[in-house]
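Participant: Right, I'll just put the structure down here and ask away after.
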């Protein structure tokens with residue numbers, strides 16, 4: 007039987023870029039009082055919590071997310087955060103500056119302790135995020151990932167007396183981490199664009215007066231007003247008024263649709279002409295636009311066959327690389343007479359060369375970017391598996407002309423009754439002035 011004391015809260019958060027951070031949120035929120043279930047979608051940067059309202063409030067849950075390092079963001083969102091506000095970009099840049107300073111001072115003959123100190127600082131700052139992720143993944147998830155391989159290689163390089171090499175390794179990998187997070191943030195612009203279709207507020211008639219409330223607070227039965235040029239906040243039925251509504255943002259239909267009392271309107275559509283009074287038939291979280299947004303989020307989380315294979319491969323491959331490097335470091339001195347320093351150096355090279363960084367990162371980023379680009383252009387794809395299937399398509403059948411055209415009607419000719427030629431520019435200018 008369903009738990010009657012469960013409520014659902016979906017929050018979009020900052021600083022959520024990958025599965026490691028998603029796992030950290032699950033651990034932090036699962037231990038919170040009143041939380042029954044936690045679902046995290048790292049690609050969409052959203053957290054869904056099912057909670058007992060008698061034990062905890064939504065405001066308190068938002069505070070806990072912020073305390074865990076993942077503060078909630080506004081519903082309407084915005085573009086990707088500026089690079090100088092991205093902590094991973096900042097630490098990577100600082101690491102690069104320290105690495106460059108160390109190299110320049112070393113070339114200038116500055117004392118070794120100063121140069122080594124700069125290299126160590128570059129390693130600590132640049133490696134902070136992925137080293138922390140490596141430790142959390144090892145301790146809490148009992149898994150060995152690429153982050154642990156890179157951390158071990160950097161530490162080994164410094165221990166071998168090559169802190170500059172270790173700092174360079176950390177700097178390069180931190181750049182890839184920052185780029186991965188920034189790319190994921192840009193792909194979320196598809197969801198932001200969809201969210202912006204619905205207005206943040208709605209004008210509701212209550213007790214004979216018009217009251218402006220957040221769109222999220224609309225409930226079925228509320229009567230709201232949509233003025234010319236405004237967007238419909240949620241699905242509803244027209245009570246009074248007639249108008250043409252632009253449904254292209256939701257349905258793709260390029261020609262405005264005439265609506266009258268009794269007709270339904272969809273969230274996110276644009277009222278072109280007359281004022282409308284509409285009775286809400288669905289809450290904001292259940293309307294057509296919210297369902298489309300949910301579909302896009304689910305599509306971005308749905309993994310393709312290649313991605314699932316790469317993740318399974320990486321789960322076994324990374325530990326094998328670490329074991330192989332350890333064997334090289336320990337067995338070569340015993341079996342081949344190599345020095346401990348030489349064998350450890352070779353093991354470190356193996357650790358770096360065999361790490362599957364580009365392989366594991368490339369497919370997820372490619373698929374998410376494809377889904378995000380498609381959504382921004384009005385093409386909703388139901389997951390990575392379908393993106394992969396597109397490579398096998400040889401024939402495409404389209405069922406309407408709007409699919410093949412720009413979907414933007416324009417005036418081509420204006421015939422004048424009794425005139426053998428269409429209207430000239432002067433007539434069109436007068437007509438446009440009268441229309442305005």
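Residue numbers (my numbering): 7 to 442.
For every residue, glycine included, the Cβ atom is placed at its ideal position computed from N, Cα and C.
(1) Whose CA, out of 211, 79, 57 and 251, lies closest to the CA of residue 13?
(2) Along the chain, where does the beta strand (DSSP E) that runs through residue 265 open and close?
(3) From residue 354 to residue 97, what does the alpha carbon distance come to, in whole angstroms?
(4) Do residue 124 and residue 104 have their C-beta atoms closer together than 8 Å?
(5) How many angstroms separate the CA atom of residue 171 from the CA atom of residue 159?
(6) What does a CB cutoff of less than 8 Å around residue 236 pick up in its chain, not counting 5 residues either side in sequence?
(7) Does the distance from the CB of residue 287 to the CB of residue 216 come in under 8 Å?
(8) Pop quiz: residue 283 and residue 247 are said to be a contact at Cβ under 8 Å. What is the actual Cβ separation, rounded to whole angstroms?
(9) Counting pairs of beta carbons, one from the region 68-78 and one from the region 23-39, are three or more of them closer than 8 Å?
(10) Report the residue from 59, 347, 431 and 133 whose alpha carbon sits nearest the alpha carbon of residue 174.
(11) Roughly how many angstroms separate the alpha carbons of residue 324 and residue 357, rounded to a whole number?
(12) So, do the region 331-350 and the region 134-153 have three or more beta carbon pairs nearer to each other than 8 Å?
(13) What runs of the alpha helix (DSSP H), each 4 residues or longer, lie entirely inside the region 122-165?
(14) Answer yes or no: does any C-beta atom of chain C fall closer than 8 Å to that of residue 245?
(15) Figure out for me which residue from 385, 265, 394 and 231 has the closest Cα to the Cα of residue 372.
(16) Residues in its own chain within less than 8 Å of residue 207 by CB, not counting five upstream and five downstream?
(17) Within 10 angstroms of the Cβ of residue 345, are there 16 or more other Cβ atoms? Answer buried if so, exposed if not.
(18) My guess is that residue 176 and residue 128 are in contact by the Cβ rule of under 8 Å, so how many angstroms apart are they, rounded?
(19) Classify residue 47 as helix, strand or coil using the three-state DSSP reduction.
(20) Figure out for me which residue from 115, 230 and 27 has the closest Cα to the Cα of residue 214.
(21) Any idea what DSSP makes of residue 102, helix, strand or coil?
(22) Count the other CB atoms within 10 Å of the CB of residue 440; is the residue buried (16 or more) or exposed (fewer)?
(23) At what residues does the alpha helix (DSSP H) containing residue 432 begin and finish?
(24) Less than 8 Å separating the beta-carbons of residue 135 and residue 157?
(25) Excluding sequence positions up to five away, which residues of its chain have a Cβ less than 7 Å from the Cβ of residue 25?
(26) What three-state label does DSSP hand residue 168 in the structure shown?
(27) Alpha carbons only, please: which of 279, 45, 269 and 226 is nearest the one belonging to residue 252?
(28) Is residue 203 closer than 8 Å to residue 295 when the C-beta atoms are compared?
(29) Select from 211, 199, 342 and 273 the residue whose C-alpha is nearest the C-alpha of residue 380.
(30) Residue 216 by DSSP, collapsed to three states: which one?
(31) Should residue 84 be labelled buried (16 or more other beta-carbon atoms within 10 Å of its own) or exposed?
(32) Following the continuous beta strand (DSSP E) through residue 16, name the residue where it begins and the one where it ends.
(33) Between which two residues does the alpha helix (DSSP H) carrying residue 395 extend?
(34) Tell me whether residue 117 is buried or exposed, calling it buried when 16 or more other Cβ atoms sit within 10 Å of its Cβ.
(35) From which residue to which residue does the beta strand (DSSP E) around residue 54 run?
Facilitator: In brief:
(1) Taking the chain shown and counting its residues from 1, one reaches residue 13 at position 7. Ranked by Cα distance from residue 13, the first of 211, 79, 57 and 251 is 57.
(2) Indexing the chain shown from 1 puts residue 265 at position 259. Here the beta strand (DSSP E) through residue 265 covers 263-265.
(3) For the purposes of this step, residue 354 is taken as the residue at position 348 of the chain shown. For the purposes of this step, residue 97 is taken as the residue at position 91 of the chain shown. Distance from the CA atom of residue 354 to the CA atom of residue 97, rounded to whole angstroms, is 24 Å.
(4) On the chain shown, residue 124 is found 118 positions in, with the first residue counted as 1. On the chain shown, residue 104 is found 98 positions in, with the first residue counted as 1. The beta carbons of residue 124 and residue 104 sit closer together than 8 Å.
(5) As a working note, residue 171 is residue 165 in the chain shown. As a working note, residue 159 is residue 153 in the chain shown. Answer to the nearest angstrom: the Cα atoms are 10 Å apart.
(6) The sequence position of residue 236 within the chain shown is 230, counting from 1. These residues qualify, in order along the chain: 205, 276 and 277.
(7) Position 281 of the chain shown, counting from 1, holds the residue named residue 287. Position 210 of the chain shown, counting from 1, holds the residue named residue 216. Cβ atoms of residue 287 and residue 216: not closer than 8 Å.
(8) Here the question's residue 283 lines up with position 277 in the chain shown. Here the question's residue 247 lines up with position 241 in the chain shown. Correct: roughly 6 Å between the Cβ atoms.
(9) Contact between the region 68-78 and the region 23-39 is present, because at least three Cβ pairs lie under 8 Å.
(10) One-based indexing of the chain shown puts residue 174 at position 168. Out of 59, 347, 431 and 133, the CA that lies nearest to the CA of residue 174 is found in 133.
(11) To locate residue 324, count along the chain shown from 1; it is residue 318. To locate residue 357, count along the chain shown from 1; it is residue 351. Inter-residue distance for residue 324 and residue 357 is about 9 Å (C-alpha atoms, whole angstroms).
(12) No, because fewer than three Cβ pairs between the region 331-350 and the region 134-153 fall closer than 8 Å, the two stretches do not touch.
(13) Whole alpha helix (DSSP H) segments, 4+ residues: 134-146 and 152-165.
(14) Among the chains in the structure shown there is no chain C, since it carries only a single protein chain.
(15) Stepping through the chain shown from its first residue, residue 372 is reached at position 366. Among 385, 265, 394 and 231, the Cα nearest to that of residue 372 belongs to 394.
(16) Numbered from 1 along the chain shown, position 201 holds the residue referred to as residue 207. Counting only Cβ-Cβ distances below 8 Å, and skipping sequence neighbours, we find 218, 219, 220, 221 and 239.
(17) Numbered from its first residue, the chain shown carries residue 345 at position 339. Per the 10 Å Cβ criterion, exposed.
(18) Against the chain shown, residue 176 aligns to sequence position 170. Against the chain shown, residue 128 aligns to sequence position 122. Indeed they touch by this definition, with Cβ atoms about 7 Å apart.
(19) Position 41 of the chain shown, counting from 1, holds the residue named residue 47. Residue 47 falls in the strand class under three-state DSSP.
(20) By one-based count along the chain shown, residue 214 stands at place 208. The residue from 115, 230 and 27 with its alpha-carbon nearest to that of residue 214 is 230.
(21) Sequence index remark: in the chain shown, residue 102 carries index 96 (1-based). The three-state secondary structure of residue 102, taken from DSSP, is helix.
(22) Mapped onto the chain shown, residue 440 falls at position 434. Classification of residue 440: exposed, given that the 10 Å Cβ count is below 16.
(23) Counted from its first residue, the chain shown places residue 432 at position 426. It spans 431-441 - the alpha helix (DSSP H) in which residue 432 sits, taken as one unbroken run.
(24) As a working mapping, residue 135 is identified with position 129 in the chain shown. As a working mapping, residue 157 is identified with position 151 in the chain shown. No, the Cβ-Cβ distance between residue 135 and residue 157 is not below 8 Å.
(25) The residue you call residue 25 lines up with position 19 of the chain shown. Contacts found: 48.
(26) Position 162 of the chain shown holds residue 168. Look at residue 168 here: in three-state DSSP terms it is coil, with no helix or strand label.
(27) Start at 1 with the first residue of the chain shown, and residue 252 comes out as number 246. Looking at 279, 45, 269 and 226, the one whose alpha-carbon comes closest to that of residue 252 is 279.
(28) As a first step, residue 295 must be located in the chain shown, where it is residue number 289. As a first step, residue 203 must be located in the chain shown, where it is residue number 197. A contact, by the Cβ cut-off of 8 Å.
(29) Counting from 1 along the chain shown, the entry for residue 380 is found at position 374. Comparing Cα-Cα distances from residue 380 to each of 211, 199, 342 and 273, the minimum goes to 199.
(30) By 1-based counting over the chain shown, the position of residue 216 is 210. Of the three classes helix, strand and coil, the one that applies to residue 216 here is strand, per DSSP.
(31) Numbered from 1 along the chain shown, position 78 holds the residue referred to as residue 84. Here residue 84 scores only 48 on pLDDT, less than 50, and its place in the model is too uncertain to base an answer on.
(32) By 1-based counting over the chain shown, the position of residue 16 is 10. First-last of the beta strand (DSSP E) with residue 16: 13-18.
(33) Your numbering for residue 395 matches position 389 in the chain shown. 390-396 is the extent of the alpha helix (DSSP H) around residue 395.
(34) Translated into the one-based positions of the chain shown, residue 117 becomes position 111. The residue is exposed, with fewer than 16 neighbouring Cβ atoms inside 10 Å.
(35) Sequence index remark: in the chain shown, residue 54 carries index 48 (1-based). Here the beta strand (DSSP E) through residue 54 covers 52-57.
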